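Participant:
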Amino acid sequence: MAAAESKEPESKEPERSVARTTTGIIWRIILFYVGSIVLVVTIVPWDSAQVLASPYVAAWKIIGLPGAGVVMDIVILTAVLSVLNSSVYVSSRIMRALATHGDAPTWPVATNKRQVPVRAILAGTVVGWNARSPSG
-13 MAAAESKEPE SKEPERSVAR TTTGIIWRII LFYVGSIVLV VTIVPWDSAQ VLASPYVAAW
47 KIIGLPGAGV VMDIVILTAV LSVLNSSVYV SSRIMRALAT HGDAPTWPVA TNKRQVPVRA
107 ILAGTVVGWN ARSPSG
């Protein structure tokens, strides 16, 4: 939405880009999430005690991959860093869009010479690091 509302669009055709991206995300979810669950269910016996600990590691061990736990740790770390990266991007763009429209303070609107809203990124990062979960 920030791309569609800004004075300088980040995409030439934002509506088409969003539709294409949404379709791609749906297919990736089907392929990676549903597909991986189907593979685990077909590889690991349902009554195995390993399923309770980590079904994906159990599947990798049955296949014969040495260091399955380390591989899964790397996959999980990569996923977490990807979510962190996209969250910083989205929060900075939303903050900049809100400030541009007068719905937030104007100091996050400033960008550096490469058009990066550094102040908005830093503010979003600080708020994100200081946020607490409801249970914690």
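Reading the sequence shown from the start, the letters are residues -13 to 122 in this note's numbering. Quick reminder that beta carbons are idealized off the backbone N, C-alpha and C, glycines included. Owing to the predicted nature of the structure, the values given are computational and were not obtained by experimental measurement.
Are valine 20 and alanine 45 closer than 8 Å when you measure CB to CB?
Facilitator: Contact flag unset, no.
Participant: Would you kindly work out how many angstroms separate the C-alpha atoms of tryptophan 115 and leucine 108, rounded to a whole number?
Facilitator: Distance between the alpha carbons of tryptophan 115 and leucine 108: 11 Å.
Participant: In chain order, what residues of the same chain have a beta carbon less than 8 Å from the beta carbon of valine 113, not counting five sequence neighbours either side?
Facilitator: Here the set comprises Ser77.
Participant: So what's glycine 114 in DSSP terms, helix, strand or just coil?
Facilitator: Helix at glycine 114.
Participant: Between valine 66 and glycine 110, which are expected to be in contact by the criterion C-beta below 8 Å, what is the C-beta distance as a whole number of angstroms?
Facilitator: Actually they are not in contact, since the Cβ atoms of valine 66 and glycine 110 sit about 17 Å apart, beyond 8 Å.
Participant: Would threonine 92 and alanine 83 be called neighbours here (beta carbons separated by less than 8 Å)?
Facilitator: Going by C-beta atoms, threonine 92 is not nearer than 8 Å to alanine 83.
Participant: Identify the continuous alpha helix (DSSP H) that holds serine 34 and give its terminal residues.
Facilitator: Premise fails: serine 34 is in no alpha helix (DSSP H) and is neither H nor E.
Participant: Rounded to whole angstroms, what is the Cα-Cα separation between isoleucine 11 and leucine 17?
Facilitator: If I take the Cα positions, the gap works out to 10 Å.
Participant: Taking Cβ positions, are alanine 117 and arginine 105 nearer each other than 8 Å?
Facilitator: Cβ atoms of alanine 117 and arginine 105: not closer than 8 Å.
Participant: Where do the N-terminal and C-terminal ends of the alpha helix (DSSP H) with valine 57 fall, by residue?
Facilitator: It spans 54 to 86 - the alpha helix (DSSP H) in which valine 57 sits, taken as one unbroken run.
Participant: Exposed or buried, valine 56, counting other C-beta atoms within 10 Å across all chains shown (16 or more means buried)?
Facilitator: Exposed is the call here.
Participant: Note down the Cα distance separating aspartate 59 from glycine 53, rounded to an integer number of angstroms.
Facilitator: In a straight line, the C-alpha of aspartate 59 is about 10 Å away from that of glycine 53.
Participant: At the level of alpha carbons, what is the spacing between arginine 79 and arginine 14?
Facilitator: Rounded to whole angstroms, arginine 79 to arginine 14 spans 24 Å at the Cα level.
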